[in-house]
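Comments concern the structure below.
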Amino acid sequence: MGSTSVAGLCHEQSSYPRSGLKLSIGTKRGTESKQVCCRGKSGAHLSPGKPSSWWERKWEESKRLLAGEANVSWMAARGRTPWPRPGLPLLRLLLAAGAAGAAGARWSGEGSSPHLQSIFLGRCAEYSALLSAHSGDKNCTAIWEAFKVVLDKDPCSVLPSDYDLFINLSRHSIPRDKSLFWENNHLLVTSYSENSRHLMPLCDVLYGRVGDFLSWCRQKNTSELDYQSCPTSEDCENNPVDSFWRRASIQYSRDSSGVIYVMLNGSEPTGAYPVKGFFADFEIPYLQKDKITRIEIWVMHEIGGPNVESCGEGSVKILEDRLKSMGFQYSCINDHLPVKLLKCVDHSTHPDCALNSAAASIQGEIPSVRTEQSASLIIPLLVALASGSQM
């Protein structure tokens, strides 16, 4: 779900994360070590070693600042003027509070997103106004009321079926030949889809848009939101965010038709196609074979590599064999050109993005223009042309 840099995209540590953030190429969704995800997607996980809660982040910041106390003393002893630093008593107080807060976190995931209701309603209203051709008139207040029912439940007792009414109220048709499934490529997918202009991944469907990159759960024994932490699949299977994306993924698959596109990350160390993930477990099984013409797989690689897997290799071969056994017609393309050109917008001088003949031609006509500048102008043009051919 602009030219968002794809030097680092969304992925996660748990099996079903379509909502946490881990920067690397991979958001809802998926085993992308996934989440804050267009499927995005449990509890917003951050990359290993990074604190996941607000208190933990403040704790780490405070420790780094406090470590500077020794440097201040060392500089003063040598007659040097140290940089001004926060009052150490205040710093120690924050450090102590941070330790207490981090120790009190109930779950391993990010807490509920601030202003959850406002963001939800704002996204719904914007979607209905700008993309009404897809969604029709929707009652965003009723959709929110159906969604927030899960906030009255224990955070580890939320089932996908608890979102049935929400899905029924927000569901709308998906244009034929426009469905884009993915794993470990959340931000690249949202950049390429361009608000449904090219394709319509789950995060560009109304019921996916309102929850993309968000987290939510209630506090223990109260009806208030828990802003400190929320459960992920590491804590319990039936948590609010993962159950949301499971239900949304199932509906998205059922409503998809025509040519189906699948974008995988061929630079993902654990494999391009997670055999235990949202696409494998909650999307492929629900595809309606009589509505689907064929499935086209795009295995995208990082600019500069590594090329861990490509078509016909490793987990991609497992996916191809699975689709074949299910009777689907499929094809596989390495580094689908329109998507690669989009990635090259941020890497226009990299050898993998070289457009030597075009750049040389322009440089010959305008000697004062550097090759790098020429390439940076050509690439967006080619992105537009290649994307146009996709539609």
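The numbering used here runs 2 ahead of the 1-based position in the sequence shown.
Note that beta-carbon positions come from the ideal geometry of N, C-alpha and C, so glycine has one too.
- Contact between the stretch 277–292 and the stretch 233–243 is absent: fewer than three C-beta pairs spanning the two stretches fall below 8 angstroms.
- For N187, there is no enclosing beta strand (DSSP E), as DSSP gives it neither H nor E.
- Under the three-pair Cβ rule at 8 angstroms, the stretch 341–355 does not count as touching the stretch 286–296.
- Listed in chain order, the non-local C-beta contacts of R173 below 7 angstroms within the same chain comprise Y209, Q253, local neighbours out to five positions each way being set aside.
- Taking C-beta atoms as the reference points, I262 and F183 count as a pair closer than 8 angstroms.
- Contact check between the stretch 204–220 and the stretch 295–312: fewer than three CB pairs, one atom from each, fall below 8 angstroms, which does not count as touching.
- Around the beta carbon of G111, 16 or more other beta carbons sit within 10 angstroms, so the residue counts as buried.
- DSSP links I297 through a beta bridge to I262, Y332.
- DSSP places R125 in the helix class (H, G or I) of the three-state scheme.
- The continuous alpha helix (DSSP H) containing C346 extends over residues 339–346.
- Nearest C-alpha to C126 among N240, V151, V207: V207.
- If you draw a straight line from the Cα of C205 to the Cα of M328, it comes to about 26 angstroms.
- A distance below 7 angstroms between beta-carbons, with the five flanking residues on each side excluded, links L325 to the following residues of its chain, in chain order: I297, Y332.
- E322 is classed as buried because its beta carbon has at least 16 other beta carbons within 10 Å across all chains shown.
- Of the candidates R108, K150, W109, A107, K150 places its Cα closest to the Cα of S120.
- By the neighbour-count criterion, in which a residue is buried when 16 or more other Cβ atoms sit within 10 angstroms of its Cβ, L132 is exposed.
- Sorting K293, V341, S317, D228 by C-alpha distance to the C-alpha of H303 places V341 at the top.
- The closest CA to that of P177, considering only N223, R220, H200, V318, is found on H200.
- With contacts defined by Cβ atoms closer than 8 angstroms, C238 and I305 do not form a contacting pair.
- DSSP places L167 in the uninterrupted alpha helix (DSSP H) bounded by 166–172.
- Around H352, the same chain offers I305, G306, C346 as residues with beta carbons nearer than 8 angstroms, after the five sequence neighbours per side are excluded.
- Counted as a single uninterrupted DSSP element, the stretch harbouring E196 is not any alpha helix (DSSP H), since DSSP gives it neither H nor E.
- V191 and M265 do touch by the CB rule: their CB atoms are close to 6 angstroms apart, below 8 angstroms.
- Here the C-alpha atom of S245 lies approximately 10 angstroms from the C-alpha atom of C158.
- Of the residues H338, E147, N186, H188, the one whose Cα lies closest to the Cα of N170 is E147.
- Within the model, the alpha-carbon separation for K222 versus K155 is close to 10 angstroms.
- In chain order, S258, S259, G260 place their CB closer than 8 angstroms to the CB of K293, counting only its own chain and leaving out the 5 sequence neighbours on each side.
- As summarised for the stretch 213–250, there are no continuous beta strand (DSSP E) elements at least 3 residues long confined to that stretch.
- The alpha-carbon separation between K319 and R108 amounts to approximately 40 angstroms.
- Assigned with DSSP and collapsed to three states, L133 falls in coil, not helix or strand.
- Our two residues, N336 and L153, have alpha carbons roughly 43 angstroms apart in a direct line.
- Residue state for L325 is assigned as helix, using DSSP reduced to three classes.
- L208 carries a helical assignment under DSSP once its states are collapsed to helix, strand and coil.
- DSSP lists M302 as the bridge partner or partners of N267.
- In this structure R211 touches Y129 by the C-beta definition: roughly 5 angstroms separates them, less than 8 angstroms.
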